[in-house]
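**Student:** Below: one structure in structure tokens.
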Amino acid sequence: MKKYLAIIVVVFAAISCSEYQNILKSTDPELKYSKAVEYFEKNDFMRASTLFDEVSRYFRGTERSEQVLNYLAKSYMGQKDYFTASEYYKTYVKTYPKGTYITEARFMIGYCYYLDSPDARLDQTATRDAINAFQEFLDIHPDSERVPEVNKLLDELKSKLAYKELLSARLYYNLGNYLGNNYISAIIVAQNALKNYPANSNREELSYIILQSKYEQAVQSVEEKKIERYRDTIDEYYNYINEFPTGKYKREAERIYADAKKIVKD
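Residue numbers (the UniProt record's numbering): 1 to 266.
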């Protein structure tokens, strides 16, 4: 029985392939378009995109051109080729700024970048492109039903960038004085992350890294700068403890404060 089923599958595949090749060779754009739609509706996005691409030149400048462009973008989405899909959506927005699918196309530009956004440890160009595209969407379509979804995606993307900054701040702190004063870099990175992403979930750790780094700078400082840097550490302790009075790093922060107060008597 399994043998016969396998034969049937092979036969149908051969027929399907033969049909597709005949469609490709056809000079009838209407046939190619209708078959492209059929393939699209059957989730055969590769064949659909090939046929839509072929007829796009024929229908350019006609009413159907808008539909073809929309189908092309969706076909590449179906293939998980998000970069190519985003390029077609951008072409749609440029060509049909008042088109039927304009709101969806603007959303999908950002969503394609979102889906291409990699792990926080990797290059975040796609993440920033997604944020810019979604911000533009909100500016142009403030009343869209997509707004809550876009805001949620923006929060996720910004959290990823904030986490990348946290990883950098950790790295600089752990490097210490290796090949230079990396504590300064840790402080700058953490401060920028707090400023640029104030609502991020790693806010406490970023604040604590600033405190730690300032403390280590004071401990390892030359004599003429020690008092000033310990005072700066004490100020940073208050910044941390005022925002996180029951924080995860409270005990360590209090130890740092106690050490600093031994040096700064006033």
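Note that CB positions come from ideal geometry on N, CA and C, so glycine has one too.
1) Within the same chain, show all residues whose beta-carbon is closer than 7 Å to that of Arg121, passing over the 5 residues directly before and after it, in chain order.
2) Rounded to the nearest angstrom, what separates Pro142 and Ala133 at their Cα positions?
3) What did DSSP end up calling Arg229 once you bin it into helix, strand or coil?
4) Whole angstroms are fine: how far does the CA of Thr246 sit from the CA of Tyr114?
5) Figure out for me which residue from Tyr101, Ala193 and Val68 has the closest Cα to the Cα of Arg57.
6) Tell me the start and end of each unbroken alpha helix (DSSP H) in the UniProt domain "Outer membrane lipoprotein BamD-like" (32 to 178) that is at least 4 residues and wholly inside, in chain order.
7) Leaving out five residues on either side along the sequence, give the residues of the same chain with a beta carbon under 7 Å from the beta carbon of Val9.
8) For Lys164 and Ala190, what's the separation of their Cα atoms in angstroms?
9) Just the C-alpha distance for Ala105 and Tyr111, rounded to the nearest angstrom, thanks.
10) Where do the N-terminal and C-terminal ends of the alpha helix (DSSP H) with Gln191 fall, by residue?
11) The alpha helix (DSSP H) that contains Gln217, what's its start and end?
12) Could you give the DSSP three-state label for Pro29: helix, strand or coil?
13) Mapping the DSSP letters down to three states, classify Ala258 as helix, strand or coil.
14) Got a sec? Which residues, its chain only, sit under 8 Å from Lys250 by beta carbon, not counting five neighbours each side?
15) Quick one: Cα of Asp235 to Cα of Lys214, how far?
16) In chain order, what residues of the same chain have a beta carbon less than 6 Å from the beta carbon of Glu19, not counting five sequence neighbours either side?
17) Measuring alpha carbon to alpha carbon, tell me which residue in Asn151, Leu211, Lys74 and Ile187 is nearest Leu138.
18) Could you tell me whether the region 187 to 205 touches the region 221 to 228, using the rule of 3 or more Cβ pairs below 8 Å?
19) Please return the same chain residues whose Cβ sits closer than 8 Å to the Cβ of Val264, not counting the five positions on each side in sequence.
20) Can you list, in chain order, the residues of its chain whose CB lies under 6 Å from that of Ala126, leaving out five sequence neighbours each side?
**Tutor:** The short version:
1) Leu167, listed in sequence order.
2) 14 Å
3) Note: Arg229 maps to helix in three-state DSSP.
4) 35 Å
5) Val68
6) 45 to 59, 64 to 78, 82 to 95, 102 to 116, 125 to 140 and 147 to 175
7) Confidence in Val9 is poor, its pLDDT being 39 and thus under 50, which makes the residue's placement unreliable; the coordinate value appears in the next sentence. Cβ within range, chain order: n/a, list empty.
8) 10 Å
9) 10 Å
10) Where Gln191 is concerned, the enclosing alpha helix (DSSP H) starts and stops at Asn182 to Asn196.
11) Here the alpha helix (DSSP H) through Gln217 covers Arg203 to Val219.
12) helix
13) helix
14) Ile241 and Phe244
15) Computed Cα separation, rounded: 10 Å.
16) none
17) Asn151
18) The answer is no - the region 221 to 228 does not touch the region 187 to 205, with fewer than three Cβ pairs under 8 Å.
19) Ile227, Tyr230, Arg231 and Ile234
20) Hits under 6 Å: Tyr113, Asp116 and Ser117.
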